[in-house]
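Counting the sequence shown from 1 gives a position; the working numbering is that position plus 186.
Written out below as structure tokens is the structure these notes cover.
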Amino acid sequence: GCCEDFVDNADLKGCIEAMYEAGKATASDCHGVIALPQCTSGGKPLVAGKKVTGFADSEEAAVQLTDVVPFLIESKLKEQGGVFSKAADWNPHTVVDGNLITGQNPQSSKGTADATIAFMNQ
């Protein structure tokens, strides 16, 4: 799955960075956000100083997979300077910061898709 396939994936990293730098919608939801920490912009982490969300550490603990995933998404995004926000576990939460669009969990997929479509229709 994405927790294994997206981490340290040079092809995906290049695609995300190219889309982001071109000003195109760069969106991810739930565990898909695990791809973002490998990405950079202007020589620093892509998420640095940006409002983001992703699968929360408390949600990972609730499903008892904190020791299985390569790293905890919330913790890693904060470590890289991301301005992380979240809703209560299992509630929808989507964050838009320019062309970077992130969703917290599976319940956020519709909101994240809607935000992506809204961005593309600007």
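Glycine is no exception: its CB is placed at the ideal position from the N, C-alpha and C atoms.
Predicted, not measured: the structure shown is a model, and the values here were computed from it.
Practice prompt. Starting from the C-beta of Gly187, find all residues in its chain whose C-beta is less than 8 Å away, skip the five residues before and the five after it, and write them out in chain order.
Written response: For the purposes of this step, residue 187 is taken as the residue at position 1 of the sequence shown. Cβ contact annotation for Gly187 (same chain, cutoff 8 Å, sequence separation greater than five): His217, in chain order.
Worksheet item: Would you say Asp215 and Ser294 are within 8 Å of each other, going by their C-beta atoms?
Response: Here the question's residue 215 lines up with position 29 in the sequence shown. Here the question's residue 294 lines up with position 108 in the sequence shown. Taking 8 Å as the Cβ cut-off, Asp215 and Ser294 qualify as a contacting pair.
Worksheet item: Between which two residues does the beta strand (DSSP E) harbouring Ser321 extend?
Response: Within the shown structure, residues of the chain are numbered from 187 to 308, placing residue 321 beyond reach of any answer.
Practice prompt. Alpha carbon to alpha carbon, how far is Pro223 from Ala213? Give it in angstroms, no decimals.
Written response: Taking the sequence shown and counting its residues from 1, the one referred to as residue 213 is at position 27. Taking the sequence shown and counting its residues from 1, the one referred to as residue 223 is at position 37. Rounded to whole angstroms, Ala213 and Pro223 show a C-alpha spacing of 14 Å.
Practice prompt. Please state whether DSSP places Ser294 in a helix, a strand or coil.
Written response: Against the sequence shown, residue 294 aligns to sequence position 108. If DSSP states are grouped into helix, strand and coil, Ser294 belongs with the helices.
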